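A.B. asks:
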Amino acid sequence: MSEPDTGAQLLTLRTNLQTALLCSGIIGAVLFTTVYFCFGVISPNYEIMRESISRLQVQPYGWIQSVNFILSGVFILAFAIALRNELAGGFGSVLIPLLQALTGLGSIALGLIHDTELQVYTGWIIFLSLIISFLLLSRRFMANPQWRGWAAYTILCVLLMIALSAVLNYAIAHNSNYSGVFERLIVVTRLVWLFFFTARLLGGRSLAPVNNPEVETV
């Protein structure tokens with residue numbers, strides 16, 4: 009007798025609302041990247057290779073980037089809700105969505121505040137919450153055979169983002185003409201990871217605990 013198609017069963021059980029919430033993560037990331045890139049290209053006094061994304065807020069029509077930050081945060085919050093539903097208990101089922109929500113709230117804060125120093129602190133909160141959530145997810149992947157290889161991939165993404173962050177801070181300290189490139193590479197690293205992660209979930213993979221009811225909830 010053939011094994012039941014658990015992927016098909018999961019797709020059947022997942023509601024349209026849950027699917028939409030899952031898609032909000034990748035939609036928000038693509039929208040955010042598209043807006044800041046296009047806006048940066050057409051802003052005459054903005055050096056896209058050198059300046060940070062948040063510097064777009066002080067350009068003419070800077071409200072566009074402010075709204076972009078806020079909308080990105082809203083999409084991330086929606087994705088956090090979806091992730092909480094997908095985790096369905098077990099290790100990190102509370103903390104991982106909370107960290108994603110913190111990332112979303114941080115993005116909204118970037119859209120509402122324009123003080124440079126506060127934006128730097130907010131950016132670090134976003135970065136750290138993202139890194140920690142990735143590490144917790146990698147631990148979760150290790151216990152699930154459906155996600156074989158994803159723990160290593162996620163940790164590699166973490167190492168890459170940390171390395172890019174270090175290079176970014178070095179570039180800023182030395183007034184490099186390419187500081188903005190390293191910030192955008194961090195954003196793109198998360199975007200690529202999120203795209204394949206979401207596609208895998210929508211393809212029928214599950215994050216629910218696998219035959220281990222004693223796995224702790226964090």
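Heads up: the sequence shown is residues 9 to 226, going by the working numbering. Glycine included, every Cβ here is placed at the ideal spot set by N, Cα and C. Small disclaimer: the values here were computed from a predicted structure and weren't measured.
1. Going by DSSP, what residue range makes up the alpha helix (DSSP H) through residue 188?
2. Anyone know if the C-beta pair for residue 58 and residue 185 falls short of 7 Å?
3. Starting from residue 125, trace the alpha helix (DSSP H) both ways and give me its first and last residue.
4. Classify residue 170: buried if its beta carbon has 16 or more other beta carbons within 10 angstroms, exposed otherwise.
5. Relative to the C-alpha of residue 195, which residue among 51, 86, 134 and 155 is closest?
6. Within 10 Å of its beta-carbon, does residue 22 have 16 or more other beta-carbons around it, so buried, or fewer, so exposed?
7. Excluding five sequence neighbours on each side, which residues of the same chain lie with their C-beta closer than 6 Å to the C-beta of residue 15?
8. Assuming contact is defined by CB atoms lying nearer than 7 Å, are residue 118 and residue 83 in contact in what I supplied?
9. Alpha carbon to alpha carbon, how far is residue 192 from residue 165? Give it in angstroms, no decimals.
10. Once DSSP output is grouped into helix, strand and coil, what is the label at residue 23?
11. Can you give me the C-alpha to C-alpha distance between residue 223 and residue 159, rounded to a whole angstrom?
12. Out of 154, 28, 146 and 103, which one is the CA nearest neighbour of residue 201?
13. Name the residue from 111, 205, 37 and 52 whose alpha carbon lies nearest to the alpha carbon of residue 156.
14. Tell me which residue opens and which closes the alpha helix (DSSP H) that residue 214 is part of.
15. Could you spell out where the alpha helix (DSSP H) holding residue 166 opens and where it closes?
16. Does the beta-carbon of residue 50 have 16 or more other beta-carbons within 10 angstroms, so that it is buried, or is it exposed?
17. Report the CB separation of residue 115 from residue 81 in whole angstroms; it is logged as a contact under 8 Å.
18. Quick one: give me the first and last residue of the alpha helix (DSSP H) that residue 65 is part of.
19. Please name the residue in 127, 99, 132 and 131 whose C-alpha comes closest to that of residue 151.
C.D. replies: Quick look at the numbers:
1. 187–210
2. yes
3. 124–150
4. exposed
5. 134
6. buried
7. Interpretation of residue 15 is limited by its pLDDT of 48, a score under 50 that renders its predicted location unreliable; the figure taken from the coordinates is listed afterwards. Within the same chain, residue 15 has close Cβ partners 212.
8. no
9. 14 Å
10. coil
11. Here the model assigns residue 223 a pLDDT of 42, short of 50, so the residue's position is not dependable, and the following value carries that caveat. Computed Cα separation, rounded: 17 Å.
12. 146
13. 205
14. First-last for residue 214: undefined, no H or E at that position.
15. 158–181
16. exposed
17. 3 Å
18. That residue, residue 65, is in no alpha helix (DSSP H); it is neither H nor E in DSSP.
19. 99
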